[in-house]
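Before any comments, here is the structure.
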Amino acid sequence: MLDPAIAAFFAERKEAWLKKNISAAMSDTEVLEKQQECEQNFLLDNWLPDAAKRAGQISVASHPCTFSHPSARKNKNGYVSSIIAKNKPRIDGFLRSGNVSVEPDALGNAAALDVYKFLSLEMSDQRSLLVHIEQESELARQLLDIPSCEFQTLRDGFLKMVDSDQASVSSSKIKQVYFPIADGDYHLLSLLTHSGHLFELRKRLDALRFGDAVKEARECKKTNHFHPAGYQEIFGLTTIGFGGTKPQNISVLNNQNAGKAHLLASIPPELTPRDIRLPRTDFFKESFTAWQAKEVLEALHRLFLTDYNNINLRDGRDYHIQQYVDLVIEKMWQVRLFLEDYSGELSSALPLEQQIWLYPEFTEQRQHEDEWLNKITRHIARGLINHYSRSKVIASPVTLADQELLAIEKVVASNKENLR
346 MLDPAIAAFF AERKEAWLKK NISAAMSDTE VLEKQQECEQ NFLLDNWLPD AAKRAGQISV
406 ASHPCTFSHP SARKNKNGYV SSIIAKNKPR IDGFLRSGNV SVEPDALGNA AALDVYKFLS
466 LEMSDQRSLL VHIEQESELA RQLLDIPSCE FQTLRDGFLK MVDSDQASVS SSKIKQVYFP
526 IADGDYHLLS LLTHSGHLFE LRKRLDALRF GDAVKEAREC KKTNHFHPAG YQEIFGLTTI
586 GFGGTKPQNI SVLNNQNAGK AHLLASIPPE LTPRDIRLPR TDFFKESFTA WQAKEVLEAL
646 HRLFLTDYNN INLRDGRDYH IQQYVDLVIE KMWQVRLFLE DYSGELSSAL PLEQQIWLYP
706 EFTEQRQHED EWLNKITRHI ARGLINHYSR SKVIASPVTL ADQELLAIEK VVASNKENLR
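Numbering (the numbering used here), first residue to last: 346 to 765.
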């Protein structure tokens with residue numbers, strides 16, 4: 346008794362043959378003759394020997410050469426070696442042959458594709474018919490045991506589909522790479538496409554883009570309804586075609602996918618430069634540095650070098666201190682606005698008063714408490730003093746007197762409300 350998959354295969358083939366060869370204008374006698382002819386054509390005694398002869402016209406391959414060039418097989422040898430990669434899976438982090446479970450491809454005479462489909466049928470034990478024939482299983486022996494041809498002849502014919510010659514034959518139409526090895530010798534490598542990976546990628550991308558769950562999630566978004574899972578978008582895809590109007594001339598998988606595959610964007614990411622550096626331990630060492638206040642510090646230094654004192658000098662000093670505070674406030678707002686849309690992890694090593702001052706979750710607390718603000722004003726005053734006296738911006742800073750220190754604290758304190 347035939348495996349259900351084999352029975353279904355022949356039933357489908359018979360139906361297609363009758364549909365093609367019987368017309369409404371035929372008489373009952375002619376229809377009956379065609380039906381009898383169909384039965385004869387698909388009798389195992391007749392169909393199996395013919396299929397075994399045609400099996401060699403198709404080559405199973407993991408890397409079909411026709412993706413590189415449709416005419417790659419049309420060389421002086423009349424063929425290109427069939428490549429069947431049988432790599433073992435390993436947890437090595439690479440997307441390579443063996444690490445992705447894909448079905449094999451096939452290329453060759455499109456008229457013999459029915460033989461490929463026949464040998465690819467999955468039997469009741471989840472093994473393909475081709476595997477059964479290779480292993481000479483009981484199922485294969487029963488199937489190929491026919492009066493018109495010997496079992497071994499049929500088996501050898503079908504296995505020509507997966508035979509690989511010892512000598513590797515390439516084609517000038519395939520891109521070649523000379524890979525140097527020891528003693529001045531080299532390997533000649535042919536760059537081929539792993540069609541199984543190519544169309545597995547398309548299958549997974551199509552599931553992400555057009556699956557039923559994705560359609561449901563998109564509809565929820567369209568109608569402004571909640572969806573628990575949501576969906577993902579893949580941007581920058583490119584669709585590439587193989588074979589034009591005759592995708593069957595490239596390979597079986599290519600024909601099944603209408604000659605279209607998807608390519609992921611393979612370009613460097615477009616990075617937006619960030620003008621600010623987020624503080625991790627201290628705003629005045631990481632986000633606001635002495636070099637950002639260089640002109641103000643130099644102007645203050647010139648005033649501090651003056652050997653006399655009057656109201657104009659003191660006003661100028663206070664003016665430049667206010668300039669420094671204005672720069673701090675400007676940087677404060679840059680950090681605050683950036684953090685409003687920031688999705689990364691914020692530093693917990695920043696002093697609490699600086700977290701309250703800068704982090705968006707403390708907006709309410711900033712408006713109703715003052716303790717943190719008093720600490721921030723001291724930070725700013727100390728920051729100005731450190732930037733002036735300890736940075737390399739000012740080569741020979743003046744030792745500040747108590748009068749200058751008090752003036753700095755006074756000007757900074759007058760900006761408390763602007764610092765909230």
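Yeah, the Cβ is synthetic: ideal placement off N, Cα and C, and Gly gets one too.
Self-check item: Arg549 beta carbon less than 7 Å from that of Val606
Solution: A small correction: the amino acid at residue 606 is Ala; Val does not occupy that position in the sequence shown. Their beta carbons are not under 7 Å apart, which means Ala606 does not touch Arg549 by this criterion.
Quiz item: When you compare only the Cα positions, how much space is there between Gln385 and Asn391?
Solution: Distance between the alpha carbons of Gln385 and Asn391: 7 Å.
Practice problem: Ignoring anything shorter than 4 residues or poking outside the stretch 581–616, list the alpha helix (DSSP H) runs there in chain order. | Solution: Whole alpha helix (DSSP H) segments, 4+ residues: 597–601.
Quiz prompt | Continuous beta strand (DSSP E) stretch holding Gln667: start and end | solution = Here Gln667 belongs to no beta strand (DSSP E); instead the alpha helix (DSSP H) covers 656–685.
Practice problem: Report the partner residues of His732 according to the DSSP bridge assignment. | Solution: Paired residues: none, contrary to the question.
Practice problem: Within its chain, find whatever has a CB closer than 8 Å to the CB of Val680; leave out the 5 residues flanking it on each side and keep chain order. | Solution: So the list reads Ile621, Leu623, Pro624, Phe628, Ser632, Leu703, once near-sequence residues are dropped.
Quiz item: What first and last residue would you give for the alpha helix (DSSP H) that runs through Gly502?
Solution: Segment 496–504, the alpha helix (DSSP H) holding Gly502.
Exercise. Check whether the Cβ of Gln667 lies closer than 7 Å to any Cβ atom in chain C.
Key: Included in the structure is just one protein chain, with no chain C present.
Practice problem: Measuring alpha carbon to alpha carbon, tell me which of Ile478, Ala752, Lys676 ends up nearest Phe503. | Solution: Ile478
Exercise. For Glu640, write down the residues that DSSP places opposite it in a beta bridge.
Key: Glu640 is not bridged to any residue.
Quiz item: Are there three or more Cβ pairs, one per stretch, closer than 8 Å when the stretch 667–676 is compared with the stretch 634–648?
Solution: yes
Quiz item: By how many angstroms is the C-alpha of Val514 removed from the C-alpha of Ala457?
Solution: Straight-line measurement puts the Cα of Val514 at about 22 Å from the Cα of Ala457.
Quiz item: Does DSSP classify Asp530 as helix, strand or coil?
Solution: coil
Practice problem: Consult DSSP for Pro492 and reduce its assignment to one of helix, strand or coil. | Solution: coil
Quiz item: Can we say the stretch 713–720 touches the stretch 693–701, given the rule of at least three CB pairs closer than 8 Å?
Solution: yes
Quiz item: Between Asn444, His542, Ala396, which lies nearest to Asp459 when the distance is taken from Cα to Cα?
Solution: Ala396
Self-check item: Three-state class that DSSP yields for Ile403 in the structure shown
Solution: Secondary structure at Ile403: strand, using DSSP grouped into helix, strand and coil.
Quiz item: On the three-state DSSP scale, how would you describe Leu550?
Solution: helix
Quiz item: Is the stretch 490–505 touching the stretch 560–574 in the sense that three or more CB pairs, one from each, lie closer than 8 Å?
Solution: no
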